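This report concerns only the one structure given below.
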Amino acid sequence: MLKSLSLALLAAAPAPALAWDGFGHQTVGYIAQKYFTSEANATLGAIIGLNSNFDIGDAAAWADTVRDGANLPWSKNWHFINPKGDDPNNHVCTVNYTIDCPGSNCIIAAIMNQTNILLDTTRPFITRRNATMWLLHFFGDLHQPMHTSGFKLGGNSVRPVCWDGPAPCPGGTRNLHAIWDSAIPRKWRGMPEETTPAEDKAAAVAWAAEIYAKQQVDGVDGYGACADFHGPNCVLGYAAESNRLVCTNALKDGEAWVLSHDLSKEYYDENAKVVEDRVAKAGVRLAAWMNGIARVLVAKGREEDL
Numbered sequence: 001m002l003k004s005l006s007l008a009l010l011a012a013a014p015a016p017a018l019a020w021d022g023f024g025h026q027t028v029g030y031i032a033q034k035y036f037t038s039e040a041n042a043t044l045g046a047i048i049g050l051n052s053n054f055d056i057g058d059a060a061a062w063a064d065t066v067r068d069g070a071n072l073p074w075s076k077n078w079h080f081i082n083p084k085g086d087d088p089n090n091h092v093c094t095v096n097y098t099i100d101c102p103g104s105n106c107i108i109a110a111i112m113n114q115t116n117i118l119l120d121t122t123r124p125f126i127t128r129r130n131a132t133m134w135l136l137h138f139f140g141d142l143h144q145p146m147h148t149s150g151f152k153l154g155g156n157s158v159r160p161v162c163w164d165g166p167a168p169c170p171g172g173t174r175n176l177h178a179i180w181d182s183a184i185p186r187k188w189r190g191m192p193e194e195t196t197p198a199e200d201k202a203a204a205v206a207w208a209a210e211i212y213a214k215q216q217v218d219g220v221d222g223y224g225a226c227a228d229f230h231g232p233n234c235v236l237g238y239a240a241e242s243n244r245l246v247c248t249n250a251l252k253d254g255e256a257w258v259l260s261h262d263l264s265k266e267y268y269d270e271n272a273k274v275v276e277d278r279v280a281k282a283g284v285r286l287a288a289w290m291n292g293i294a295r296v297l298v299a300k301g302r303e304e305d306l
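The opening residue of the sequence shown carries number 1 in full-length UniProt numbering; numbering runs sequentially from there.
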């Protein structure tokens, strides 16, 4: 069992925006924090600093604040992969890294690239700090099924979908991606649609604590956490797992069914625990990855001291 230790994070980054509904990303961060080793705590803590107003949950949500507008818009494609062969209407969900990540401009390549940056001690401090926060975020995105689907822009164009109202709803503004990002996790946690940052953080802390308590009873050995930095296979496996859920859960009855039903009812009942499972796995797998990075960095430091 991985050890539970806290990670301190940097103050000088902006407050996070919502996605995996914000508090979902924060929850992933808080779960991972409970499994960090002492090496990860010390090594990553030295890279990203400490401030009570900016903790690991904030850092895990940071990447969504810089992907749009004038900040770092070129990072937008790093949050997802759009498999070209996806056709959930015909029960076809598949990820082909060579075909689906052109120019290494997708979440799988981003995780590998940011890992290499973090491992490169010759890189500038700010670059490695940002790499750390991107990794904290991307593991959350990677476990959200719609972030690994090429069908209609990861479900963003599956719209309008109905939530808490009769279907069809031609005047609705929701899309399927948002149902998984926001509507399902918020309903699962008993949260209203609009909340303050403080409420989001409190909800994330509580959700992480509940998930961790369950994991201590049930174990996490079946999560298949890995930390192989030599190629994309480990991360690709996580992406393929998420992608399969598009066919088995998110669109198992096809787009027409989704567009003609109130998704807050039986659809929610079938998928709420799936969402929690994805958040739980993301946290443990993120911890394994960051613990692996810390081991390499500590070993490098020892070699440099010789």
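A virtual CB, placed ideally from N, CA and C, is assigned to each residue, including glycine.
Please read all numbers here as calculations on a predicted model, not as lab measurements.
Best match in the options for proximity to residue i [C-alpha to C-alpha]
i	options	result
residue 23	184, 256, 216	184
residue 271	64, 151, 180, 153	180
residue 274	250, 292, 295	250
residue 206	71, 160, 57	57
residue 310	252, 287, 52	Residue coverage of the chain in this structure runs from 1 to 306, which leaves residue 310 outside it and unanswerable.
residue 158	20, 195, 257	257
residue 231	218, 114, 124	114
residue 91	269, 255, 267, 279	255
residue 176	151, 195, 197	151
residue 97	149, 73, 116	149
residue 294	40, 36, 21	40
residue 383	100, 79, 187	One cannot answer for residue 383 here, as it falls past the ends of the chain, which runs 1 to 306.
Rounded Cβ spacing between residue i and residue j (contact assumed at less than 8 Å)
i	j	result
residue 49	residue 136	With 8 Å as the limit, residue 49 and residue 136 do not qualify as a contact, their Cβ atoms being about 14 Å apart.
residue 160	residue 174	6 Å
residue 119	residue 296	6 Å
Separation of residue j from residue i, as counted between CA atoms
i	j	result
residue 7	residue 128	Summary for residue 7: the model assigns pLDDT 35, below 50, so the residue's position carries little reliability, and this model does not support an answer.
residue 292	residue 277	23 Å
residue 182	residue 162	14 Å
residue 31	residue 214	12 Å
residue 34	residue 201	16 Å
residue 87	residue 42	45 Å
residue 17	residue 298	Summary for residue 17: the model assigns pLDDT 34, below 50, so the residue's position carries little reliability, and this model does not support an answer.
residue 155	residue 212	30 Å
residue 74	residue 217	42 Å
Distance cut-off 7 Å: residue i Cβ against heavy atoms of the ligand MN
i	result
residue 46	With respect to small molecules bound, the structure shown includes none, and the ligand MN cannot be examined in it.
- Query: Do the region 135-152 and the region 276-284 meet, that is, are 3 or more Cβ pairs less than 8 Å apart?
  - Reply: As far as the Cβ criterion goes, the region 135-152 touches the region 276-284, which means the pair count is three or higher.
- Message: When you compare the region 144-153 with the region 124-132, are there three or more beta-carbon pairs, one atom per stretch, that lie closer than 8 Å?
- Response: These segments do not touch.
- Message: Pairs of beta-carbons, one from the region 253-269 and one from the region 165-172, closer than 8 Å: are there three or more?
- Response: yes
- Message: Whether or not the region 54-66 and the region 217-235 are in contact is what I'm after, with contact meaning three or more pairs of Cβ atoms, one per stretch, closer than 8 Å; do they touch?
- Response: no
- Is it true that the region 30-45 meets the region 96-104, where meeting means three or more beta-carbon pairs spaced less than 8 Å apart? no
- Message: Would the region 235-245 count as touching the region 107-122 if we require 3 or more Cβ pairs under 8 Å?
- Response: yes
- Query: Could you give the uninterrupted runs of the beta strand (DSSP E) lying entirely in the region 259-298, keeping only those of 3 residues or more?
  - Reply: Along the region 259-298, the beta strand (DSSP E) does not occur as any fully enclosed run of 3 or more residues.
- Quick one: which unbroken alpha helix (DSSP H) runs of 4-plus residues sit fully inside the region 54-142? Chain order, please. 56-61, 97-100, 107-119, 125-142
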